[in-house]
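Each residue of the sequence shown is one higher than the last, beginning at 467 in the numbering used here. Each residue gets a CB set at the ideal place from its N, CA and C atoms; glycine is no exception. Below is one structure, written out as structure tokens, with a few remarks after it.
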Amino acid sequence: MSVKLCCYFLFYSQSIPPILVVILIGIAGLQAEELKNEATPAQDIRLLLEDVKSHLNRFNSHYLINLEQRIVSVLTTMTSLDSNVKTLQEKSQIWDVFQHHIGAWSEHIKSVDSKLDILKNADILLKRIEHLVLDVDRKIEKRNNQQCTKNPSPALPDHQSKVKSNNTLEESLDISTQVDMGSGSDESTGDDNVQPQIILLKEGTDTSQGKPQLVSNINACQTIVDAVRTTLGPRGMDKLIVDSKGKATISNDGATIMKLLDIVHPAAKTLVDIAKSQDAEVGDGTTSVVLLAGEFLKQLKPFVEEGVHPRIIIKAVRKALNLCVAQINELAFKIEKHDSEKHRALLEKCAATALNSKLIHQQKEFFSKMVVDTVTTLDVLLPLNMIGIKKVTGGALEDSLLIEGVAFKKTFAYAGFEMQPKSYDNVKIALLNIELELKAERDNAEVRVDNVSEYQKVVDAEWQILYDKLAKIHQSGAQVVLSKLPIGDVATQYFADRDMFCAGRVPDEDLKRTQKACGGAVMTTVQDISEKVLGNCAHFEERQIGSERFNLFQGCPNAKTCTIILRGGAEQFLEETERSLHDAIMIVRRTIRNDSVVAGGGAIEMELSKMLRNYSRTIAGKEQLLIGAMAKALEVIPRQLCDNAGFDATNILNKLRQKHAQGCQWYGVDIMKEHIADNFEAFVWEPSVIKINALTAACEATCMILSVDETIKSPQSGGGEAPQPPMGRGMGRPF
467 MSVKLCCYFL FYSQSIPPIL VVILIGIAGL QAEELKNEAT PAQDIRLLLE DVKSHLNRFN
527 SHYLINLEQR IVSVLTTMTS LDSNVKTLQE KSQIWDVFQH HIGAWSEHIK SVDSKLDILK
587 NADILLKRIE HLVLDVDRKI EKRNNQQCTK NPSPALPDHQ SKVKSNNTLE ESLDISTQVD
647 MGSGSDESTG DDNVQPQIIL LKEGTDTSQG KPQLVSNINA CQTIVDAVRT TLGPRGMDKL
707 IVDSKGKATI SNDGATIMKL LDIVHPAAKT LVDIAKSQDA EVGDGTTSVV LLAGEFLKQL
767 KPFVEEGVHP RIIIKAVRKA LNLCVAQINE LAFKIEKHDS EKHRALLEKC AATALNSKLI
827 HQQKEFFSKM VVDTVTTLDV LLPLNMIGIK KVTGGALEDS LLIEGVAFKK TFAYAGFEMQ
887 PKSYDNVKIA LLNIELELKA ERDNAEVRVD NVSEYQKVVD AEWQILYDKL AKIHQSGAQV
947 VLSKLPIGDV ATQYFADRDM FCAGRVPDED LKRTQKACGG AVMTTVQDIS EKVLGNCAHF
1007 EERQIGSERF NLFQGCPNAK TCTIILRGGA EQFLEETERS LHDAIMIVRR TIRNDSVVAG
1067 GGAIEMELSK MLRNYSRTIA GKEQLLIGAM AKALEVIPRQ LCDNAGFDAT NILNKLRQKH
1127 AQGCQWYGVD IMKEHIADNF EAFVWEPSVI KINALTAACE ATCMILSVDE TIKSPQSGGG
1187 EAPQPPMGRG MGRPF
């Protein structure tokens, strides 16, 4: 049987690493030696182990060193097992079990060519052999103990005794032969001599560590990347996302999609964070940063599986990042700000590039001019909170307009509003956080009266308090009154009689923007209201825009502000238009602050890839391969642009590599002609800060995921909701 087993593995030795051939032939030789002698000589075992170690020393791998230690443990346990087996027939049955599982493993790896996959199967084989050896040892010891404690049975003929012994051993081995190579269960052996387990974590805590955990994190990130991959570029697709409340969102913005996805994997949430940071920092490039991070991990995954230490990979990633940032700063084109016309034209090109991949790309020229007008209207600091975007359903996108000032929708109004004036020049504005409404105090207080006259005095006092507030506001000289809280019908009619305009329930955001633009202070009482705390503006009017009426404040002296009023069809379409304009506004702001641009359309990524590939040829060691992998990963941007447009990505990338090798550094993908072109001459421009920020965020996310080798997930608390406290009386009221 041992000769047949040796021939069986020698037949497949071409696809099995030499170390495993030595291990299996050694086990088979040990079997043949066991069948010849009642006990295995210790010298033969030592020789076998020395032979195995000599083959292991040829491989510089922690994984193989671990295999060596496990092989020593298995052979030691098998030697102890043989000392407990009494007959050669029982030994033969044990080896039959081992031969069954080793043969099944060999059948499993017939078609496997990868050394890595063979090593994984070797790990599975060793686990099964360890399980079988310990399980058989336990069952034989248990059987021997039972035979010793029981009363001696009557003598049986030799043939009956042999049959009984064989059946008993077959029953003890029956469970072991059921173990399948594909199952990954590691059951306890039940050994009484096992050391007590030291528990450090709470029961139910999920822990996973080592290389499998690192590979699992990379695979989870790949799944997230696949969700946004098709949204990149001018021909990218949109995503329809419906949340748990049934609200539908249509978008191709990477940050929006990542925020709406309910991601629970802790490593995958890293990509969500870098998409949010890219959106908050520069506004655009959110899909690109997720794609780059995912591609970096994908190209570095084989090195992790081969056993390269993560710290070596992280060092190479950061070196590649420094080289790329230096190259971008060297290639970036500086903007000339002294020529206002050229400067404005450049800003419009940058805004149009940002809108190319959006739902409103057909109107990119119209909105790019509007975006540039919006940003140039602001102060030097370019505060984003001084830009308001309002949406009005109906009309076409070209009906959208830009208001230089504050604009918000007309609030709810009571009777008497029609008599108020709707236009003022050089207007004084009172900003309040007071409720100017008459309420019955029976809901807020308890008053005991003895007759009707006393009750009338209470009612008259309520009216007098309200009229005193309204009189003080009028005496301050205010012509427009805005309040965050309701303004009732009595106050509305009071102001209308005195040619004053009022609006209650003004949104907090609009009230604060009005205060910054027009000056003044938001008052919480009318006791100290005067002309000093009032705001002012050059012109106020209420205007009909579409189906809505808007309050407009123009000519604001304190701070420059503007409001974009969007027109369009469905509400989802207007929301996506708002997100698109937000990205374009952020791009223009960044272009003004950082006066350098690079060509888009995958041009700068191809140039960086060429630079890293050339640099990798000048160094030696593992770093050469790692930086080469980073160079290949940078090509994901032009490749995905081609895939999303339906182009032949392989053909276009080959042409781009050829052009960049010839020194044409700005050549990228031409979406319109399904070819390559000089994107700098085609005005496909992007601020260099976008590329630098995207590369930095992607590399930092890659390094963070590679540096995690263990995940500890605490169990969720099983307690229900805390019981609600009993209802009390409150305010001293009786039950």
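- Here the segment 1031-1042 does not lie against the segment 782-800, with fewer than 3 beta-carbon pairs under 8 Å apart.
- Our two residues, tyrosine 960 and valine 893, have alpha carbons roughly 19 Å apart in a direct line.
- The beta-carbon distance between isoleucine 895 and leucine 1000, rounded to whole angstroms, is 6 Å. This is short enough to meet the 8 Å contact definition.
- DSSP lists Arg1015 as the beta-bridge partner residues of glutamine 1010.
- Inter-residue distance for leucine 904 and aspartate 926 is about 11 Å (C-alpha atoms, whole angstroms).
- For leucine 1032, the uninterrupted beta strand (DSSP E) segment begins and ends at 1028-1034.
- Less than 8 Å divides the Cβ of lysine 1088 from the Cβ of isoleucine 778.
- For threonine 1168, the uninterrupted alpha helix (DSSP H) segment begins and ends at 1154-1172.
- The C-alpha of glutamate 1166 lies about 33 Å from the C-alpha of lysine 830.
- Threonine 1029 places its beta carbon 8 Å or farther from that of isoleucine 1158.
- Residue burial annotation: tryptophan 1151 is buried, with at least 16 other C-beta atoms found within 10 angstroms of its C-beta.
- Exposure of threonine 1084 is indicated by the presence of fewer than 16 other C-beta atoms within 10 angstroms of its C-beta.
- In the structure shown, glycine 720 falls within a helical segment according to DSSP collapsed to helix, strand and coil.
- The segment 768-786 makes no contact with the segment 1136-1156; the number of CB pairs closer than 8 Å stays below 3.
- Contact between lysine 857 and phenylalanine 1016 does not hold, since the beta-carbon distance rounds to 12 Å and is not under 8 Å.
- When DSSP states are grouped into helix, strand and coil, aspartate 934 belongs to the helix group.
- Counting only runs that start and end inside the segment 895-981, the alpha helix (DSSP H) elements of at least 4 residues fall at 918-941 and 955-963.
- Inter-residue distance for alanine 1111 and proline 700 is about 8 Å (C-alpha atoms, whole angstroms).
- Sorting Gly720, Ile740 and Met966 by C-alpha distance to the C-alpha of arginine 695 places Gly720 at the top.
- Closest in C-alpha terms to leucine 737, from the list Ala1163, Val1174, Ala782 and Pro768, comes Ala1163.
- Taking one beta carbon from each stretch, the segment 837-847 and the segment 981-992 have fewer than 3 pairs nearer than 8 Å; the two do not touch.
- Taking the Cβ atoms as the reference, alanine 962 lies roughly 56 Å from glycine 1066, outside the contact range of under 8 Å.
- Taking the Cα of histidine 827 as reference, the smallest distance to any Cα among Arg964, Met703, Cys687 and Val783 is reached at Met703.
- Contact between valine 915 and valine 924 holds, since their C-beta atoms are separated by about 7 Å, short of 8 Å.
- Cα atoms of serine 823 and glutamate 884: separation of roughly 46 Å, rounded to the nearest angstrom.
- For glycine 1134, the beta-bridge partners assigned by DSSP are Ala1143.
- Take lysine 1121, set aside five residues on each side of it, and the residues of its chain with a beta-carbon closer than 6 Å to its own are Ile1142, in chain order.
- DSSP places asparagine 1024 outside both helix and strand once states are collapsed to three, so it counts as coil.
- In the DSSP assignment, glutamate 997 forms no beta bridge with any residue.
- Counting only the Cα atoms, isoleucine 855 lies some 31 Å from isoleucine 939.
- Asparagine 892 carries a strand assignment under DSSP once its states are collapsed to helix, strand and coil.
- Residue nearest to aspartate 1109 within the set Val730, Thr697, Leu726 and Thr689 is Thr697 (criterion: CA-CA distance).
- The way I'd put it, the segment 1090-1099 doesn't touch the segment 1124-1141; fewer than three beta-carbon pairs between them come closer than 8 Å.
- Assignment of methionine 989 by DSSP, reduced to helix, strand and coil, places it in the strand class.
- Measuring C-alpha to C-alpha distances from serine 1082 to each of Leu727, Asp750 and Lys785 identifies Lys785 as the nearest.
- The beta carbon of alanine 1050 sits closer than 6 Å to the beta carbons of Ala817, Ala820, Leu821 and Val837 from its chain, once the five residues preceding and following it are set aside; these are given in chain order.
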